[in-house]
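Asks:
4 protein chains.
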Amino acid sequence: MAARRPPMAPADPLPRSAHAAEHGMHLDPQTREESIRRLRSAKGHLEGVLRMLEDPSVYCVDVLKQVKAVQGALSKVNESILRAHVRDHVATAAQRGDTDTIVDELMEALKYRT
Amino acid sequence: MAARRPPMAPADPLPRSAHAAEHGMHLDPQTREESIRRLRSAKGHLEGVLRMLEDPSVYCVDVLKQVKAVQGALSKVNESILRAHVRDHVATAAQRGDTDTIVDELMEALKYRT
Amino acid sequence: MAARRPPMAPADPLPRSAHAAEHGMHLDPQTREESIRRLRSAKGHLEGVLRMLEDPSVYCVDVLKQVKAVQGALSKVNESILRAHVRDHVATAAQRGDTDTIVDELMEALKYRT
Amino acid sequence: MAARRPPMAPADPLPRSAHAAEHGMHLDPQTREESIRRLRSAKGHLEGVLRMLEDPSVYCVDVLKQVKAVQGALSKVNESILRAHVRDHVATAAQRGDTDTIVDELMEALKYRT
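Following this line, the structure appears as structure tokens:
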């Protein structure tokens, strides 16, 4: 059923970046699988928070804590993807040679570290 | 039904805080509904990221961006819950009188702002 | 000599906020003195980083660490000022009565927490 | 005169990292000069905040704002040093060859981004 719905929030049409094709900078299989596993766990956690909120007497701070915990789990996903990205760039720096572009791309990616 | 499934990630048994009963500091219905709506949307967004990751050629930075967007959505949930919490404390400060305890509780809640 | 120079970076003319006079929300003497002491210490730390940078062979990560440590010290200043601010608002909430305005002011102040 | 005072806050004896000598990863002169200029400006800003605090009627939120502005200036210093550090690592990756070590060092440096 979920498959029939638009895959993402309306504001975010999830366009595939042109970089992917250009540089062949794909996620290595291990990092991709680890990310999937962690994101599924974060989704389960989020479902738990939604169940908490069904209780009208839920305490504010308990919700704040759990939402922050989900954010922490998402930060770990981004940390691991960023590490894979840095590794790719460093490993291919010699062949590519365009140090400035590589540095720009890495600094751009760092913005998504949280 | 929800009660039969484990309510959350194993590390987080989600104990109901003693504060809830003590101070009656519950989420007001409007903030609770808004939080549920926003968290459902964040969950849909997360499912979209999981579908992205099914593609072996997904680009690292695209995933980083989407995960950060989900975190931003979760921050808005906590911002709105925190506002409700602050409002409750300010509104009842006169009856309660224990300024120091109120300030401690508010400063504690602020830690979950992200 | 410092007194003859403009008191702050050009972009920041440091106008006294209209709120100060309006609500009488001044820093209590103890927090003000503590802030002065901590900021002087942060300034000393910053001077230490400047001396580090006189050495042409200074290592990047050493500078990154020290600059981050100064930022941490500044965060503690803001944490303590924020606590004083919250205390003032909670303590006077009963007399003032305008809960919405108080909440808006507190949420505004929270933005400066880092 | 400054040289006679302890160079830094007591908790931070500022030991020169062993990495500096080992890898020769020094700050390039341009980034070093830019950092000095920016840190001097941050120090001037901090002195401005200290003068603000001499006024017993200073408004809390005005201080919070200025302290946060100083932190923002320090973040820019670290951003620029980090960029220089990434550039060094990428540029020398081919000669060094030890991708894993380079990635570890870069990920370590990222922790100081704020």
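Chains Y, H, V and C supply the protein sequences, listed in that same order. Yeah, the first sequence ends on 136 if you go by this note's numbering, and it's all consecutive. Yeah, the second sequence ends on 136 if you go by this note's numbering, and it's all consecutive. Yeah, the third sequence ends on 136 if you go by this note's numbering, and it's all consecutive. Yeah, the fourth sequence ends on 136 if you go by this note's numbering, and it's all consecutive. Where is the CB? At the ideal position from N, CA and C, for every residue including glycine. All figures in this text were calculated on a predicted structure; none of them were measured in a lab.
(1) Hey, V/Ser102 and V/Glu56 are a contact pair by Cβ (cut 8 Å); roughly how many whole angstroms apart?
(2) Examine chain Y for any beta-carbon lying closer than 9 Å to the beta-carbon of C/Ala43, and answer yes or no.
(3) Taking buried to mean at least 16 other C-beta atoms within 10 Å of its own C-beta, is V/Ala43 buried or exposed?
(4) According to DSSP, is H/Ala116 helix, strand or coil?
(5) Which residues in chain Y have a C-beta closer than 8 Å to the C-beta of C/Thr121? List them in chain order.
(6) Measure from the C-beta of Y/Ile124 to each C-beta in chain C and report whether the shortest distance is under 9 Å.
(7) Have a look at H/Tyr81 and C/Val112 and give me their C-alpha separation to the nearest angstrom.
(8) Could you tell me which chain C residues have their CB closer than 8 Å to the CB of V/Leu72, listed as they occur along the chain?
(9) Hey, V/Leu72 and C/Val85: beta-carbon distance below 9 Å or not?
(10) Taking Cβ-Cβ distances shorter than 7 Å, what residues in chain H pair up with V/Leu128?
(11) So if I threshold CB-CB distances at 7 Å, which residues from the region 91-105 of chain Y count as touching chain C?
(12) Select from V/Arg59, V/Glu127, V/Lys65, V/Leu96 the residue whose C-alpha is nearest the C-alpha of H/Arg109.
(13) At least one CB of chain C closer than 9 Å to the CB of V/Cys135: is that the case?
(14) For a contact defined as C-beta to C-beta under 8 Å, what are the partners of V/Leu132 on chain H?
(15) Taking the alpha-carbon positions, what's the Y/Arg59 to H/Lys65 distance?
(16) Mind listing the chain H neighbours of Y/Arg54? Cutoff is C-beta to C-beta under 8 Å, in chain order.
(17) Measuring alpha carbon to alpha carbon, tell me which residue in C/Ala106, C/Ala91, C/Lys98, C/Ser79 is nearest Y/Asp122.
(18) Determine the direct distance from the alpha carbon of V/Leu96 to that of C/Ala91, and round the result to whole angstroms.
(19) Give the straight-line distance between the Cα atoms of Y/Thr136 and Y/Gln52, rounded to the nearest whole angstrom.
(20) Please confirm whether C/Leu104 and V/Leu75 have their CB atoms less than 9 Å apart.
(21) The alpha helix (DSSP H) with H/Val71 in it runs from where to where?
(22) Out of C/Pro78, C/Tyr134, C/Leu68, C/Val99, state which residue places its alpha-carbon closest to the alpha-carbon of V/Val99.
(23) Around the Cβ of C/Gln5, are there at least 16 other Cβ atoms within 10 angstroms (buried) or fewer (exposed)?
(24) Can you tell me the Cβ-Cβ gap for Y/Ala115 and H/Val83, rounded? I've got them flagged as a contact below 8 Å.
(25) Look at the alpha carbon of C/Ser5 and the alpha carbon of C/Lys133, and state the distance between them as a whole number of angstroms.
(26) Look at the Cβ atom of H/Gln93, then the Cβ atom of Y/Gln93, and state whether they are nearer than 9 Å.
(27) Please work out which residues of its chain come closer than 8 Å, Cβ to Cβ, to Y/Ile124, disregarding the five sequence neighbours upstream and downstream, and give them in chain order.
(28) Based on the DSSP output, what are the partners of C/His48 in its beta bridges?
(29) Can you grab the Cα-Cα spacing for the pair H/Asp77 / H/Gly70, in whole Å?
(30) From the DSSP output, in three-state form, read off H/Lys87 for me.
(31) Ends of the alpha helix (DSSP H) at C/Thr121?
(32) Can you tell me whether V/Arg109 is helix, strand or coil according to DSSP?
Replies: The answer reads as follows:
(1) 6 Å
(2) Residue confidence is low: C/Ala43 scores 45 on pLDDT, short of 50, so the model does not pin down where it sits. Its coordinate-derived value is still stated next. Judged by the 9 Å Cβ criterion, C/Ala43 is not in contact with chain Y.
(3) Note that V/Ala43 scores a pLDDT of 45, beneath 50, so its modelled location is shaky; the value from the coordinates is reported in the next line. With fewer than 16 Cβ atoms within 10 Å of its Cβ, V/Ala43 is classed as exposed.
(4) helix
(5) Arg109, Val112, Ala113
(6) yes
(7) 20 Å
(8) Ile58, Leu61, Arg62, Lys65
(9) no
(10) Val108
(11) Arg105
(12) V/Glu127
(13) Per the sequence shown, the amino acid found at residue 135 of chain V is Arg instead of Cys. Yes - at least one Cβ of chain C is within 9 Å of the one on V/Arg135.
(14) Leu104, Leu132, Arg135
(15) 15 Å
(16) Leu75, Pro78, Val80
(17) C/Ala106
(18) 10 Å
(19) 22 Å
(20) no
(21) 51-74
(22) C/Leu68
(23) Nothing about residue 5 of chain C can be read from this structure; chain C reaches only from 23 to 136.
(24) Wrong, their Cβ atoms sit about 17 Å apart, outside the cutoff.
(25) Residue 5 of chain C is absent from the structure shown; chain C starts at 23 and stops at 136.
(26) yes
(27) His111, Ala115, Arg118
(28) V/Tyr81
(29) 12 Å
(30) helix
(31) 121-132
(32) helix
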